[in-house]
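A short write-up of the structure that comes next.
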Amino acid sequence: MKRHKKLSRIFLILILLISLAMQTYQPLIAEGEVSAEIYLNGVSGNDANDGSAKETAVKTFARAKELATAYQSVTSIYITGTVQITGEISLEGTNAVLKREASTNGYLLQVASGAEATLKNITLDGNSEQAAGATNALINCLGTLNIEEGTVLQNNKIASETQRRSNGGGAVYCNGSKCTVNMTGGIIQNNTAMHGGGVFVYKGAKFNMSGGTIQNNQAISGPTAWNDAAAGGGVCVSDGGTFNLSGGLIQNNSAEEVGGGVSIGTLEVSLGNNYLNMTGGAIDGNTSGATGGGIFIQAAYGNRISRATITAGSVTNNSMLGEGETNFLFGGGGIYVNGYAEGYGFKNGELFLENVIVTDNEAEIAGGGYAACPVSNTEIYLTDGGAIYQNRAESAEDVFIYSNTSEEFGAHGGNPRYFVSNTMLGCLPYHWKDDSGTEVPLNKLTGILTGEGVALALHTDETGSADTQNLAKVFITGNYSATRGGGIGTNGNVTIGKTDATVEVRVTKNWDDEGNIKEIRPEKIEVELWRGLKDVSVDLVYVGYETIIPDENGDWSITFINLPKYDYFGNECEYTVRERKISGYLSEVTGDQTAGYEIKNSLAPDTVNVEGKKEWADNDAPDGKRPESITIRLLKNGVETDFKTVTAADGWKWSFVDLPASENGVEIVYTISEDPIPDYSAEITGYDVKNTYIPSKINIPVTKVWEDSNDVRGYRPISITVRLLSDNNTTGMSLVLNQDNDWSGVFSDLPEYNNGVKIVYTVEEVKLNYYDSVVSGDANKGFVITNYFNPPPPPETTAPETTEPSETTAPETTEPPETTALETTEPPETTVPETTDPTETTAPETETSTPPETTTSESTEPPETIAIETTEPPETTVSETTEPPETQVESTPVTDLHAPQTGENKTLFIRAALVIISAGVLFLLFANKKKKLN
73 MKRHKKLSRI
83 FLILILLISL
93 AMQTYQPLIA
103 EGEVSAEIYL
113 NGVSGNDAND
123 GSAKETAVKT
133 FARAKELATA
143 YQSVTSIYIT
153 GTVQITGEIS
163 LEGTNAVLKR
173 EASTNGYLLQ
183 VASGAEATLK
193 NITLDGNSEQ
203 AAGATNALIN
213 CLGTLNIEEG
223 TVLQNNKIAS
233 ETQRRSNGGG
243 AVYCNGSKCT
253 VNMTGGIIQN
263 NTAMHGGGVF
273 VYKGAKFNMS
283 GGTIQNNQAI
293 SGPTAWNDAA
303 AGGGVCVSDG
313 GTFNLSGGLI
323 QNNSAEEVGG
333 GVSIGTLEVS
343 LGNNYLNMTG
353 GAIDGNTSGA
363 TGGGIFIQAA
373 YGNRISRATI
383 TAGSVTNNSM
393 LGEGETNFLF
403 GGGGIYVNGY
413 AEGYGFKNGE
423 LFLENVIVTD
433 NEAEIAGGGY
443 AACPVSNTEI
453 YLTDGGAIYQ
463 NRAESAEDVF
473 IYSNTSEEFG
483 AHGGNPRYFV
493 SNTMLGCLPY
503 HWKDDSGTEV
513 PLNKLTGILT
523 GEGVALALHT
533 DETGSADTQN
543 LAKVFITGNY
553 SATRGGGIGT
563 NGNVTIGKTD
573 ATVEVRVTKN
583 WDDEGNIKEI
593 RPEKIEVELW
603 RGLKDVSVDL
613 VYVGYETIIP
623 DENGDWSITF
633 INLPKYDYFG
643 NECEYTVRER
653 KISGYLSEVT
663 GDQTAGYEIK
673 NSLAPDTVNV
683 EGKKEWADND
693 APDGKRPESI
703 TIRLLKNGVE
713 TDFKTVTAAD
723 GWKWSFVDLP
733 ASENGVEIVY
743 TISEDPIPDY
753 SAEITGYDVK
763 NTYIPSKINI
773 PVTKVWEDSN
783 DVRGYRPISI
793 TVRLLSDNNT
803 TGMSLVLNQD
813 NDWSGVFSDL
823 PEYNNGVKIV
833 YTVEEVKLNY
843 YDSVVSGDAN
853 KGFVITNYFN
863 PPPPPETTAP
873 ETTEPSETTA
883 PETTEPPETT
893 ALETTEPPET
903 TVPETTDPTE
913 TTAPETETST
923 PPETTTSEST
933 EPPETIAIET
943 TEPPETTVSE
953 TTEPPETQVE
963 STPVTDLHAP
973 QTGENKTLFI
983 RAALVIISAG
993 VLFLLFANKK
1003 KKLN
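Here my numbering is used: the first residue of the sequence shown is 73, the next is one more, and so on.
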C-alpha cells in the first residue's frame, strides 16, 4: 500500500513539473508575433519594448542584437532614429543587417565626441530603394570610428539633383577636429552624396585608410553646377580635413564633376588646410565628368594649403570624360591640380610626387603623360624624381606646357614656370624631342614660357631602364583624358622629386681662322654634353646638346645650367664637352668642368671627299654567298690610312670626308681597296667597286677497291663504269676505271650550288657479274666503291631417291598431334544447342532462384565438328576441377524493412514518452480503484 502511494506521488510530481515548465516558458516576443524585422530608435525607443514595430522600437544596439540573436529569423533591424554607439558593434551570430527605415532621413549611427566605436562583421544598409528621401550619411562620426573586416556600409543615396545637400558623405561623415576614422578593412559601396559619395572628411577631421575597399560610390551635383558641383566619388576632403592613405583600394567610383576617386577640396572655397598623404594603396578605375578622374586637388583660399603628397601606391586606369559642366581643358585623367593667377585670392594647389613612373597614359589632344596650364609651376628633378615616357597624345606625347595670357583663360591665364630634368629616374638621359622629332637643346628645359599660345612639347624615345623600374614606388599608368593631361593635368604646382644639387659648365669658343679669311665661319655651333663619374671608370653617356650663337659683341659662349651634381646613387658626376663637326675646321677642346671648357677652331687644310658605292653582279645572290658586310680601305699615297665597314643598311655606299687635299704642297693621291670576298671577283673603278659572283666548283674523287683475293677465280672485269648522280638524278657523266688509271678517277669542275641550294652528289657503279658493290664516303672526301666477290653457285642436280632421301613432310599418322593433357575426367567446355546438355553459363548476379543465362546456338542442329585424323584424342581445353565454373555475384544491398528510418527516432521517442505517461495514469487509476475495493 505504501509502495503504491509512493509511486503515485512520483507520477504526480512528474506531471506537475511538466505542466509548470510549459506554463512558465515565455518568449521575448509573444508567440505568433515573431517576424523578420526589429525596429531600433536611439532617440525615442525603449529596451523594455519588444521591437516588433516602429511604435515599440528598442533603444540600444545591444538590445536589438539580443533579439536578433534569439530569433534567427530576424533579417532586418530597421533604424528609425539615430543610435549612439560605442565599443564593438557587430552582428556576428545573427542573420540580421541594419537598415534605414523608409521614412527615416537622419544619421543611422553616431559616434559622440570623445567616444570610440568599432564596426566589424556588420552590414549597414541605407535601403535606398525604399528610403529615397534620405538626406544624411549612414554614420556621423564626432569621435573615433574603426571600420574593420566584415563591415559593409552600402546603399545610402543622399544626393539630389534638385536640392543642395552640402552635408556630404554617403556612408560616413567625418565631422570636426576630434573625429578620426580608421579603416583597416570592410567595404563602402553604392552610396551617393554631393561631396564624398563614400566618405566626407570635414573641418579638421582625419581619415586613415590602410585596408578595405571603397567602390561604386558616386558624387552627384545639385541644381547649380558651379555652386553645387559634385566632388569626390569615393572620398572628399574639405575645410581642413586630412586623408592618410597607406593601403586598401578606391575603385570604380565616379563624380559628375571633379575627383572621381578622391577630391581634396571642392569647387567651393575651403576654409582650412586640406591634405592627402598617400604612402600606399591603389586608386583605380574611377571617372570624373570634369577634372581629376582619379584625384582632384583644389587651389587653397588665401594663405591656406591644399596639398597631396604621394610617395608610394598607384593611380591607374582612371578617366576624365570631358562631360562635366565645369572646366576640363587640362583634364587630368589620373590626377589634376587646380590653380589661379595672382590677384584672385587663391594659392595654387600642390602635388608632390617621389620615385614615380608616368607611362601608358593617353590624352586626346596633348600631354599624354603630363600637361601644364598657363599659371602652373612645374619642377621635375632627378633626385627621388620621375620617369615620363611612352604616353600617347596627338601632340606632345609625354610633356606639354602651355603659355597663354588671353582673356579666354581669365583667372587661369599666365606664363608658366618650369624645370624639366634632362635625366629620368634611374639616371637614363631623356634626350627630349619636339613634335617634329628634333632634339631639344638642354637649356630649353628650364625657364618661364612666354608668348600667346606657345607650348613646350616634349616626348622621348627612351623607355626607362632596369634601375628605373627598381627605384619606382609610385605608378601613374593607364589613365585617360578626353582633353589634355592623360596621366597628370595641372594648373597648379607640381613637384616631382627633390631639388637637385647642381653644377654649371661654361663653354667658350675661339676662332683661329685669320679673321674668317675663307668666309666659311658658321652662324652658330652645337656643343654636346657628356656625363661620366668622378674617380670611377665608366663609359661616358651623352646627355644632350646646346647651341652657341654669338652675342652682339661677338662673344661665342654658353653655360650648361642646372646639371645634377650627383647621380641617383650618390656618385658625383663629371661633365665633358664635344663640338659637333664643322666643315672646313679642326676642333680642339681644353679645360675642365670647374674652370670651364674652351673650344678652339682652326682652319683645316683644303679637303677632298672620297665617296663610292657597291655594285653586285650576282643575280640577287641566289646561292646565298653575298656577305652581310664588306670592308673598304682608304689608301693615302698607297698607304692605308682609314677603313669603313659597309652593309646593306648603308645602301652599300661609303664616304671618307674632309680629307686633306695636299701635304707639303704636294697633292695627295687617294685610292681604295676592298678585302677579298670568297666566290666574287672585284673590279674597282675610281672609288666604286663591282663584285661579280663566280659560282664555286668542286672535284669529287672516286676510288675502286677489290675484295676478291686478287682475282683468284679470274672473274674481275677489265674495267668498270661509275655514274655521277646529282640530287638522285642522273647527270650523264661517268668515269671508266681500270688498272691503267689505278682504278681511280675524278669528276671535275662540278657546280656546288643550284639556285642557292647546295647540290648533293652521289655515285653508282654499273652492275657487275659475280660482284657485290658497296659505296662509301661523300662528295667532300670522295667516294670509295668496294666490290666483294660473290662466286657463282655449283650446277643444280637432283639426287636419286634411293641414295639420298629428299626433304619430306612427315605424315600426320607418324606422330599424333600435340595435345593438352586432361586434368580431370570431365568433358571439355563446349557450346551446344538449346536442346542438348547445358553449356557454359554466365553466373547469376544475385542469389535467387532465377536460372542462369545461357549461350546457345541459333538452331537445334548439333554443332559442326572436325574429324580427327588419328585415334589420339584432339587437343582440348577443359575445366580444371569437377566443380561448376566460378560465378561472379553482384551484391545487392538488402534493406531491413524493420529498421528505423531517418527521422523515426524522434517520433519513437515521443511515442514512448506518451506511452509512459499513459501507463502512469492507468496505474494511478488502478491503484485508487483497488484502494476503494479494500
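Note that CB positions come from ideal geometry on N, CA and C, so glycine has one too.
Closest to residue i by CA distance: which of the options is it?
| i | options | result |
| --- | --- | --- |
| N709 | K725, G441, G723 and L731 | L731 |
| V661 | K171, R578 and K685 | R578 |
| N515 | E591, Y442, L601 and G457 | L601 |
| I831 | G240, D799 and M350 | D799 |
| R69 | T431, D456, P295 and D692 | Residue 69 is absent from the model: the chain starts at 73 and stops at 1006. |
| G178 | L163, I161 and A204 | A204 |
| N289 | R172, I151 and M266 | M266 |
| T666 | I702, G737, W726 and V575 | V575 |
| K250 | Q235, L217 and I259 | L217 |
| G439 | L163, T562, G668 and Y111 | T562 |
| I219 | P866, F279 and G241 | F279 |
| I597 | G305, W628, E173 and K570 | W628 |
| N813 | K776, N827 and R795 | K776 |
| E451 | A168, Y416 and S493 | S493 |
| A301 | S326, E591 and E479 | S326 |
| N801 | F272, E127, V512 and V835 | V835 |
| Q811 | S820, L797, P789 and D821 | P789 |
Give me the Cβ distance between residue i and residue j, rounded to the nearest whole Å; I'm assuming they're in contact under 8 Å.
| i | j | result |
| --- | --- | --- |
| Q370 | T338 | 7 Å |
| R556 | G366 | Not a contact, Cβ separation roughly 15 Å. |
| T147 | A108 | 5 Å |
| G198 | N227 | 5 Å |
| L500 | E466 | No, L500 and E466 are not in contact; Cβ-Cβ is about 26 Å, not under 8 Å. |
| T540 | A459 | 5 Å |
| E644 | L675 | Between L675 and E644 the Cβ distance is about 38 Å, and since that is not below 8 Å, they are no contact. |
| N582 | K672 | 5 Å |
| V818 | S791 | Going by Cβ atoms, the distance from V818 to S791 rounds to 16 Å, so no, they are not a contact pair. |
| K686 | V761 | 6 Å |
| G364 | M392 | 7 Å |
| N263 | G242 | 3 Å |
Could you check whether residue j and residue i sit closer than 9 Å to each other, using their CB atoms as the reference points?
| i | j | result |
| --- | --- | --- |
| G411 | V447 | yes |
| G320 | I286 | yes |
| T793 | E824 | no |
| I377 | E328 | no |
| L530 | D470 | yes |
| S185 | G248 | yes |
| V682 | A544 | no |
| A277 | V253 | yes |
| N390 | G352 | no |
| A558 | N551 | The identity of residue 558 in the sequence shown is Gly, whereas the question assumes Ala. Cβ atoms of G558 and N551: closer than 9 Å. |
| P863 | Y787 | yes |
| I336 | A380 | yes |
| Y474 | P488 | yes |
| S145 | I194 | no |
| Y490 | G525 | no |
| D678 | S734 | yes |
| W688 | Y765 | yes |
| T567 | Y453 | yes |
Query - 3-residue-minimum beta strand (DSSP E) runs that sit fully inside the stretch 334-414, ordered along the chain - result: Qualifying beta strand (DSSP E) stretches, in chain order: 334-336, 346-356, 367-369, 378-388 and 407-409.
Report task. Assess, as a yes-or-no matter, whether the stretch 616-628 is touched by the stretch 429-447 under the definition of 3 or more beta carbon pairs within less than 8 Å. Result -> no
Query raised in the report: Counting Cβ pairs closer than 8 Å, one from the stretch 155-162 and one from the stretch 130-138, do we hit at least three?
Result: yes
Requested in this report: Could you tell me which uninterrupted beta strand (DSSP E) segments, each at least 3 residues in length, are contained entirely in the stretch 614-652, listed from first to last along the chain?
Outcome: 629-636 and 645-651
Query - Validate contact between the stretch 776-791 and the stretch 739-753 using beta carbons, cut 8 Å, 3 pairs - result: no
Requested in this report: Go through the stretch 105-181 residue by residue and report every complete run of the beta strand (DSSP E) that reaches 3 residues or more, in order.
Outcome: 109-113, 148-153, 159-161 and 169-172
Query - Any alpha helix (DSSP H) of 4 or more consecutive residues that is wholly inside the stretch 783-816 - result: none
Requested in this report: Would you mind listing the beta strand (DSSP E) stretches within the stretch 679-723 that are 3+ residues and don't spill past its ends, in chain order?
Outcome: 679-689, 701-708 and 711-719, all fully within the stretch 679-723.
Report task. Within the stretch 231-281, note down every full beta strand (DSSP E) run reaching 3 residues or more, in order along the chain. Result -> 244-247, 252-255, 259-261, 271-274 and 278-281
Query raised in the report: Taking the runs of the beta strand (DSSP E) that are 3 residues or longer, which of them lie wholly in the stretch 512-556?
Result: 518-520, 526-530 and 546-549
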